[in-house]
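Let me begin by presenting the structure, written as structure tokens, before commenting on it.
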Amino acid sequence: MRLFKRKEKKIGLNRAEALRCIPVKNIQVIEVRIETGEVLLSYPLHVRPWIAGLSRRFGVRSDSYPTKKLQMDVLGTAVWDLVDGNRSVLKIIREFAEKYQLHPKEAEVSVTQFFRELGKRGIIGLNPSPVD
Amino acid sequence: MQNSDPIICRKIAWNGICFSAPVNWEVAQIGKRYLMLEDTEGPVLEVKWNRIKGFFSSKAYLRQLAAFYKRHFKKKLTEFPLPDQWANMIGNGYQARCFSWQGKNFGGKGIILYCTICQNATLIQFYHKAASNRAYRIESLLSSFQDHRIDDQIFWSIFDIQATIPVNFQLVRYQFEAGKFELAFASKGQKIILYRWALTSILQCEQDFVQFAEAMTHLPKKNPNYRSLKSCKGLEWEIVSPKAFWRRYLYWPGEKTLFQWVRIWQVEEKNRILGIRAEGKKAFDPFFLERICTNYEAL
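From first to last, the protein sequence lines are chains H and C.
Counting from 1 along the first sequence, just add 1388 to a position and that's the residue number in our numbering.
Counting from 1 along the second sequence, just add 53 to a position and that's the residue number in our numbering.
What follows is the structure in structure tokens.
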């Protein structure tokens, strides 16, 4: 048995698979529409498990964790509105590009970057769709 | 079996080379003399080129490439004779050497082209894997491939912009960000910068056209008057600094260039704003600038 076996590289999603994924909103996120039509999101702060465990011991309830707010601009709101749990990333990119007359590559870069940012904050998750 | 549907192609022209590629192939990576195109399945085409000073041996280059493939990808590169069909497509001015390689999941075919007229060496590699790629063959690319022009101009067509710039203006900087493209060219103390902004409708809600132009094209703080364009919604500035050093320093501190010219206009049907900035130690010929403006467009 090899003690110091080299870790095998994790193979992530390729581009085609990533574009086929369906973004899904976190049910804990509260969505408020402000007067300008833009969306204000309130989402629970992601707490590391050991901090959560420690705070439980000190009697802090799990539902009393602080929440953060995120206000989206016009474009962010447009993409957010397209996330309905049925549309794939590719479909959202296409619809966004069409709406704002963007170059497909340009739309892809901005939308995927936006989803990555939302994913880091735990606001959305990606559901791998079945292969057509 | 080949796909019988006709493939819609568009021109891609970057830093001296020009070819047609299917519209669903997007530029994924870009360098000064490098292009990588991909479709939804992954990379499909790679083009690399350079001007050669002196003697070029395609045989030696292929040997180097084979060693590189063996070392890094553990793949064997096999040379094969230039097919007649390919030879007809590329014409007489080229020396060509063909090769292929086969990997676990996908393989590739490539060609090294050396143009004896402009001394440009180009490496073109096709990646074969998806069935959709089969209809567009290397012959289609070779038939449209161009690495020099008869006139002293270079044609640029990338993403959704196209322009024609004189050959003496070399690309010094490029930037492709979502919403903002910038290409800068320089020649003997003269500089031309092409701008392109998308999402005009949203930009205009936030600030007015003059403010936008001033902020984006870095006009001097002591802003001179601008004039509106007659043909479309646009503005133009021309700033000529005083020639005397002390006056220049007094009125334009920090400005190194004596002549600055900026034109910015809106392409409403495409939801774009295009801009050109020219700067140099002496004034540009107005016809020269007009020609660049005419040839610069959003696709």
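C-beta atoms are modelled at their ideal positions from N, C-alpha and C, and glycine is treated no differently.
Taking the alpha helix (DSSP H) that residue 142/C belongs to, which residues open and close that run?
137 to 143
Any beta-carbon of chain C closer than 7 angstroms to the one on residue 1404/H?
yes
Could you tell me which residues DSSP puts in a beta bridge with residue 312/C?
293/C, 333/C
Chain C within 7 angstroms of residue 1487/H, Cβ atoms only:
no
Rounded to a whole number of angstroms, what is the C-alpha to C-alpha distance between residue 85/C and residue 109/C?
20 angstroms
Endpoints, the alpha helix (DSSP H) within which residue 344/C is located
339 to 348
Ordered list of alpha helix (DSSP H) runs contained in the stretch 1432 to 1483 of chain H, each at least 4 residues:
1437 to 1445, 1462 to 1470
Check the C-beta distance from residue 1491/H over to residue 72/C and give it rounded, since I have them as a contact under 8 angstroms.
Rounded, the Cβ-Cβ distance is 19 angstroms, inconsistent with contact.
Would you identify the three-state DSSP class for residue 1500/H, choosing helix, strand or coil?
helix
Output needed in chain order: residues of the stretch 1489 to 1519 of chain H with a Cβ under 7 angstroms from some Cβ in chain C.
1489, 1490, 1491, 1492, 1493, 1494, 1497, 1498
CB of residue 314/C within 7 angstroms of CB of residue 331/C, strictly
yes
At least one CB of chain H closer than 7 angstroms to the CB of residue 213/C: is that the case?
yes
With a threshold of 7 angstroms between beta-carbons, can residue 62/C be considered close to chain H, or not?
no
In DSSP terms, what residue 160/C is bridged to
155/C, 181/C
With 16 other Cβ atoms within 10 Å as the buried cut-off, status of residue 175/C
buried
Identify, in the order they occur along the chain, each residue of the same chain with its Cβ nearer than 8 angstroms to the Cβ of residue 79/C, setting aside the five sequence neighbours on each side.
90, 91, 92
Backbone CA spacing between residue 214/C and residue 326/C [nearest angstrom]:
11 angstroms
When the Cα atoms are used, what is the spatial distance from residue 199/C to residue 70/C?
6 angstroms
I'd like to know whether the C-beta of residue 120/C is nearer than 7 angstroms to at least one C-beta of chain A.
The question asks about chain A, but that chain is absent: this structure's protein chains are H and C.
What do you get for residue 1478/H, buried or exposed, if any count of 16 or more other CB atoms within 10 angstroms of its CB means buried?
buried
Please tell me whether residue 221/C has its Cβ less than 7 angstroms away from any Cβ of chain H.
no
Using 10 angstroms around the beta-carbon of residue 1442/H, count the other beta-carbons present and answer buried if the total reaches 16, otherwise exposed.
exposed
Please state the DSSP three-state secondary structure of residue 196/C.
helix
Among residues of its own chain, excluding the 5 on either side of residue 194/C, which ones have a beta-carbon nearer than 6 angstroms to its beta-carbon?
72
Could you give the residue range of the beta strand (DSSP E) that holds residue 114/C?
First-last for residue 114/C: 111 to 126, but that is the alpha helix (DSSP H), not the beta strand (DSSP E).
Counting only C-beta atoms, is residue 324/C closer than 7 angstroms to chain H at any point?
yes
Buried or exposed: where does residue 178/C fall if 16 or more other Cβ atoms within 10 Å of its Cβ makes it buried?
buried
Using alpha carbons as the reference points, say which of 150/C, 146/C, 156/C, 352/C lies closest to residue 125/C.
156/C
Is the stretch 113 to 127 of chain C touching the stretch 148 to 166 of chain C in the sense that three or more CB pairs, one from each, lie closer than 8 angstroms?
yes
Who are the Cβ neighbours of residue 351/C in its own chain at under 7 angstroms, not counting the five residues just before and after it?
213, 214, 249, 320, 323, 325, 327
Could you check which residue in 280/C, 221/C, 246/C has the C-alpha nearest to that of residue 228/C?
246/C
Separation of residue 234/C from residue 170/C, as counted between CA atoms
32 angstroms
Using beta carbons (cut-off 7 angstroms, strictly below), is residue 132/C in contact with chain H?
no
Going by other Cβ atoms of all chains shown within 10 Å of its Cβ, with 16 needed for buried, is residue 133/C buried or exposed?
exposed
What number of angstroms, rounded off, separates the C-alpha of residue 60/C from the C-alpha of residue 75/C?
6 angstroms
In terms of residues, what are the limits of the alpha helix (DSSP H) holding residue 172/C?
Counting along the chain, residue 172/C falls outside any alpha helix (DSSP H), and DSSP gives it neither H nor E.
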